[in-house]
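Chemist:
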Amino acid sequence: MSSQPSPARPCAPTSEQILRHLRHAQRVAERAISLGHHPFGAILVGPDHETVLLEQCNIDTVNHAESTLARIAATNFTPAFLWDCTLYTTVEPCCMCAGTAYWANIGRVVFGITEAALLACTGNHAENPTMSVSSRYVFEHSQKPVQVIGPVPEIQAEIEHLHRKFWAGH
């Protein structure tokens with residue numbers, strides 16, 4: 001850990017805000033399908049827990065929704081501002097996306113279902129070779145205390161349904 005003091009933690013979003021923003025990210029994931037991409041969606045919400053600053057669907061296997069969003073955020077907002085923002089994503093960020101969010105200085109990540117739940121939905125699909133590395137593991141091994149909220153049981157069935165349907169027919 002760094003000897004520097006940890007950045008102050010802004011207040012957490014409410015349960016209602018979490019569900020509303022995860023459903024927004026789910027709509028972004030549905031849009032990804034209409035664009036011919038895998039069903040992953042992410043949004044960045046400002047420090048007020050209301051303002052949606054960015055939204056991003058999955059592009060391809062190296063341009064995931066979360067990592068692409070984090071890179072765009074890092075080029076448009078200061079690290080201090082991003083520390084007070086929240087990245088909402090339908091599925092737990094993979095280790096690449098968690099690392100990108102960390103380097104972008106996004107201070108909170110909220111996800112709907114775990115990477116393990118995604119694997120249960122996709123099986124051994126060649127287009128989605130999940131990695132068994134949780135985002136919490138990535139953040140626990142970093143020098144900044146990124147807050148992680150998830151999975152969120154109230155939305156889990158909705159997200160899993162979309163993935164089962166997509167991966168079964170893909």
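Taking full-length UniProt numbering, the leading residue of the sequence shown gets 1, the next gets one more, and so forth.
Think of the CB as a built atom: it goes at the ideal place given N, C-alpha and C, for glycine as much as any other residue.
Given the structure is predicted, the values throughout are model-derived calculations rather than measurements.
Out of curiosity, what's the CA-to-CA distance linking A104 and A70?
Modeler: A104 and A70: Cα-Cα distance of roughly 6 Å.
Chemist: Taking the alpha carbon of V138 as the reference point, which residue from C95, L87, T130 and P47 has its own alpha carbon closest?
Modeler: Cα-wise, what sits closest to V138 is C95.
Chemist: Which value, in whole angstroms, describes the spacing of the CA atoms of T100 and F77?
Modeler: So the alpha carbons of these two residues sit roughly 15 Å apart.
Chemist: Rounded to whole angstroms, what's the CA-CA distance from E160 to K144? Just pull it up for me.
Modeler: Roughly 31 Å between the two C-alpha positions.
Chemist: On a CA-only basis, which of A157, P79 and I43 is nearest residue 202? Give me that one, please.
Modeler: A question about residue 202 goes unanswered here, because the residues of the chain that appear run from 1 up to 170.
Chemist: What residue from R27, V133 and C11 has the CA that sits closest to D48's CA?
Modeler: For the residues R27, V133 and C11, the minimum Cα distance to D48 belongs to C11.
Chemist: May I ask which residues mark the beginning and end of the beta strand (DSSP E) holding A42?
Modeler: A42 -> beta strand (DSSP E) spans G41 to V45.
Chemist: Label E16 either buried or exposed according to how many other C-beta atoms from any shown protein chain fall within 10 Å of its C-beta, with 16 as the threshold for buried.
Modeler: Per the 10 Å Cβ criterion, exposed.
Chemist: Per DSSP, E55 is paired with what?
Modeler: E55 is bridged to I43.
Chemist: For R164, does the three-state DSSP call read helix, strand or coil?
Modeler: Here R164 sits in helix by DSSP.
Chemist: What number of angstroms, rounded off, separates the C-alpha of R136 from the C-alpha of I18?
Modeler: Their Cα atoms are separated by approximately 18 Å.
Chemist: Which residue wins for smallest C-alpha separation from P151, given the options L53, F166, T61 and G112?
Modeler: That would be G112, whose Cα lies nearest to the Cα of P151.
Chemist: Starting from F81, follow the alpha helix (DSSP H) in both directions and report where the run begins and ends.
Modeler: That run of the alpha helix (DSSP H) goes P79 to W83.
Chemist: Where does the unbroken alpha helix (DSSP H) through G99 begin, and where does it stop?
Modeler: Here the alpha helix (DSSP H) through G99 covers C95 to A104.
Chemist: Kindly give me the distance between the Cβ atoms of H38 and E127, rounded to whole angstroms, as I take these residues to be in contact under 8 Å.
Modeler: Their Cβ separation, rounded to whole angstroms, is 7 Å, which keeps H38 and E127 in contact under 8 Å.
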